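Chemist:
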Amino acid sequence: MVFNKELEREKCHRLRGSSYCKERRLYKHLQSISVFDGSFTVSAEYIQPCSRSDPQLDACIKHAFNHLRPYLARGLTDLGVPPVEPLRISRLVMENDVGPVRVTAAFSNITVLGPSNYTVTKIR
Numbered sequence: 000m001v002f003n004k005e006l007e008r009e010k011c012h013r014l015r016g017s018s019y020c021k022e023r024r025l026y027k028h029l030q031s032i033s034v035f036d037g038s039f040t041v042s043a044e045y046i047q048p049c050s051r052s053d054p055q056l057d058a059c060i061k062h063a064f065n066h067l068r069p070y071l072a073r074g075l076t077d078l079g080v081p082p083v084e085p086l087r088i089s090r091l092v093m094e095n096d097v098g099p100v101r102v103t104a105a106f107s108n109i110t111v112l113g114p115s116n117y118t119v120t121k122i123r
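Each residue of the sequence shown is one higher than the one before, starting from 0 at the first, in numbering that gives the first Met the number 0.
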């Protein structure tokens with residue numbers, strides 16, 4: 000997945016106060032450490048490294064993200080990632096400004112239960 004940095008900054012600015020930017024930074028960080036070329040060692044117990052040359056790379060990445068689930072529930076203090084159980088979102092704004100009907104919805108003080116109950120079933 001490729002991200003346009005300027006669009007990401009704009010979205011973060013519009014959604015100020017939401018957890019969107021924190022989640023995006025975590026995603027990019029995890030994406031960068033999930034696959035490596037063997038030139039370094041990852042010591043954190045929640046990281047299950049995968050080699051780019053592994054013929055079962057998709058299965059390795061799937062296993063790595065499923066292994067990460069309980070650690071995300073408790074939080075990754077060394078990365079500054081708060082627990083996702085429960086996930087608290089102070090403010091969330093959704094906009095649909097395309098087409099004849101334009102809608103803006105703003106939500107505040109959202110508590111999401113169960114975000115760590117995910118299972119990765121397929122990697123492309």
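Heads up, the beta-carbon is just placed ideally off N, CA and C, and yes, glycines get one too.
On a predicted model such as this, the values are computed, not experimentally measured, just so you know.
Is residue 81 close to chain C? Criterion is C-beta to C-beta, closer than 7 Å.
Modeler: Chain labels in this structure do not include chain C; a single protein chain is all it has.
Chemist: Here's a check: name, in chain order, each residue in its chain whose Cβ is nearer than 6 Å to the Cβ of residue 102, leaving out the five neighbours to either side.
Modeler: The residues are 95.
Chemist: In chain order, which beta strand (DSSP E) runs of at least 3 residues are fully inside the segment 43–95?
Modeler: With a minimum length of 3 residues, the continuous beta strand (DSSP E) runs that stay inside the segment 43–95 are 86–95.
Chemist: Comparing C-alpha positions only, which one of 120, 46, 117, 112 sits nearest to residue 77?
Modeler: Measuring from the Cα of residue 77, the nearest candidate turns out to be 46.
Chemist: How is residue 103 classed by DSSP in three states: helix, strand or coil?
Modeler: Note: residue 103 maps to strand in three-state DSSP.
Chemist: Between the C-alpha atoms of residue 51 and residue 70, what's the straight-line distance to the nearest angstrom?
Modeler: Those two C-alpha atoms are separated by around 24 Å.
Chemist: My guess is that residue 88 and residue 119 are in contact by the Cβ rule of under 8 Å, so how many angstroms apart are they, rounded?
Modeler: Their Cβ separation, rounded to whole angstroms, is 22 Å, which puts residue 88 and residue 119 out of contact at 8 Å.
Chemist: Look at the alpha carbon of residue 48 and the alpha carbon of residue 85, and state the distance between them as a whole number of angstroms.
Modeler: Distance between the alpha carbons of residue 48 and residue 85 is about 27 Å.
Chemist: So is residue 97 buried or exposed if we call it buried at 16+ other beta carbons inside 10 Å?
Modeler: Result: exposed.
Chemist: Which partner residues of residue 109 appear in the DSSP bridge assignment?
Modeler: Paired residues: 88.
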